[in-house]
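Visitor: So the protein lines, in turn, are chains A and B. The C-terminal position of the first sequence is numbered 271 in my numbering, with every residue numbered one higher than the one before it. The C-terminal position of the second sequence is numbered 202 in my numbering, with every residue numbered one higher than the one before it. Sharing a structure here in structure tokens format.
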Amino acid sequence: MGTAALLALAGGVALAVWDQSPRDAAALLSLSLPDTSGQQQSLAQWRGKVVVVNFWATWCAPCREEMPEFVKIQRELGPKGLQFVGIAIDQAEKVEQFASELDLNYPALIGGYAVVELSKTLGNPLSALPFTVVISRKGTVARTQLGAFDPTKLRSTIDSLL
Amino acid sequence: MRTERRSLILHALGVTVFTLVTPAPAQVNPLAPEKAFRFSARALDPHTVEARFIIADGYYLYRDKLHFAVEPAASGLVTPSLPKGKMKEDQFFGRMETYRGNLIVNLTLPGTTPGQKVVVQAESQGCADLGICYPPNIQRVTVPLPAAGSAPTPLDEAPRKQWFK
């Protein structure tokens, strides 16, 4: 009886895990976007690291508010194999200005609205910002967050993948 | 024994199903933009269209991101004077004016012919207090202008599909 309950629970857990089955981040990692200096940057260069892709814009106040925390986490965990990548739905000069104000220590790539459309397939049907995708070393989506990412949850997600 | 076992399994599954349908906490659940920012327009007279946004509670539009256009271009839209918004302090942009609640903007069209149709386009960008922003959004409505001297037409609301193109 106890075994049956355990089995059922295990099945339940398996179902729950299946429901959040790791999605492939291939489409995101195959992007190549210009940075603020116009240089094309391929996201594939960070494959093998834990990659946190953050869609943001300077005109999005809640996006800007959480970025200092990202800078801190990147500084702490970058040496362990973490790579933040910002994709700004914005103009390069505004992004550059904000990046220098913030001493941004990770790449700020420039994407158009077509790029944020890509986030629709990852659980952001409204193409709203900020939207953050945590990608494992194997290239699967470990977690997504629409709106500000709770720093504790973000850190524990990253820790479990590093 | 068997029945008991089954009920245990069902119970476990019940819990599982509940877990699966419960939305993940901490994820925000914002309104679709067409519900957050309802756009409509109606003719007041052959040369004036009243454009209106009904902004849901907890949502706001930025004044300097609001732009109107009217087709055909020969309508000659006069740059509308937008009402004063509420000041919002922004650490990067300084003071930003925002709109909440109802926003009404009158569009003057000196070049229209009474009885013709115009397409009113509004480009807007807004955010929600729950901490997300929407990308700039374009909405269009077709407004039939009255023949000279007739009463204002009823409000013509933007078709929903326009939001999802």
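Cβ coordinates follow ideal geometry from the N, Cα and C atoms, glycine included. Only a predicted model underlies this, so the values are computations on that prediction, with no experimental measurement involved.
1. How about A:G256: is its C-beta nearer than 8 Å to some C-beta of chain B?
2. Please list, in chain order, all residues of the same chain as A:I267 whose beta carbon is under 8 Å from its beta carbon, the five residues on each side excluded.
3. Check the Cβ-Cβ distances between A:I198 and every residue of chain B, and say whether any is below 8 Å.
4. CB B:Y99 to CB B:M133, shorter than 8 Å?
5. With respect to the alpha helix (DSSP H) encompassing A:Q192, which residues constitute its N-terminal and C-terminal limits?
6. Measure from the alpha carbon of B:F130 to the alpha carbon of each residue in A:A153, A:I219, A:R173, A:G248, then state which is nearest.
7. When you compare the CB positions of B:P117 and B:L144, do they come within less than 8 Å of one another, or not?
8. Below 7 Å between beta carbons is the criterion; list the residues of the region 117-142 of chain B that meet it against any residue of chain A, in chain order.
9. In chain A, which residues lie with their C-beta within 7 Å of the C-beta of B:A69?
10. Taking the CB atoms as reference points, tell me whether B:V142 and B:A106 lie closer together than 8 Å.
11. CB-CB under 6 Å to A:S245, same chain, minus the five flanking residues each way: which ones, in chain order?
12. Can you pull the chain A residues whose beta carbon is under 7 Å from the beta carbon of B:G152, in chain order?
13. Rounded to a whole number of angstroms, what is the C-alpha to C-alpha distance between A:A153 and A:G248?
14. If you reduce the DSSP assignment to three classes, tell me which class B:L68 lands in.
15. Compute the beta-carbon to beta-carbon distance between A:V194 and A:L218, rounded to the nearest angstrom, for a pair I have assumed lies under 8 Å.
16. Closer than 7 Å, Cβ to Cβ, to anything on chain B: give me those residues from the region 179-208 of chain A, in chain order.
17. I need the straight-line Cα distance from A:A136 to A:G157, nearest angstrom please.
18. Flag this pair as touching only if the region 170-185 of chain B and the region 161-171 of chain A have three or more C-beta atom pairs under 8 Å; answer yes or no.
19. So that I know if they touch, is there some Cβ in chain A lying closer than 8 Å to that of B:G148?
20. Are there 16 or more other CB atoms within 10 angstroms of the CB of A:S146, so buried, or fewer, so exposed?
21. At 8 Å on the CB atoms, spell out the chain B contacts of A:R173, in chain order.
22. Hey, does A:L238 have any beta-carbon neighbour from chain B nearer than 8 Å?
23. On the criterion of 16 or more Cβ atoms from any shown chain inside 10 Å, does A:G221 qualify as buried, or is it exposed?
24. Please state the DSSP three-state secondary structure of B:T116.
Guide: Let me lay it out:
1. yes
2. V159, V161, I182, L186, L191, V243
3. yes
4. yes
5. Note, A:Q192: premise wrong, no alpha helix (DSSP H); beta strand (DSSP E) at 191-198.
6. A:R173
7. yes
8. Going along the region 117-142 of chain B in chain order, one finds D127, F129 with a Cβ nearer than 7 Å to chain A.
9. L235
10. no
11. So the list reads A251, L270, once near-sequence residues are dropped.
12. What B:G152 touches in chain A, judged by beta-carbon distance under 7 Å, is nothing: the nearest beta carbon there is about 37 Å away.
13. 10 Å
14. coil
15. 7 Å
16. I198, F207
17. Separation of A:A136 and A:G157 (C-alpha to C-alpha, rounded to the nearest whole angstrom) is 15 Å.
18. yes
19. no
20. exposed
21. Q128, F129
22. So, interface residue.
23. exposed
24. coil
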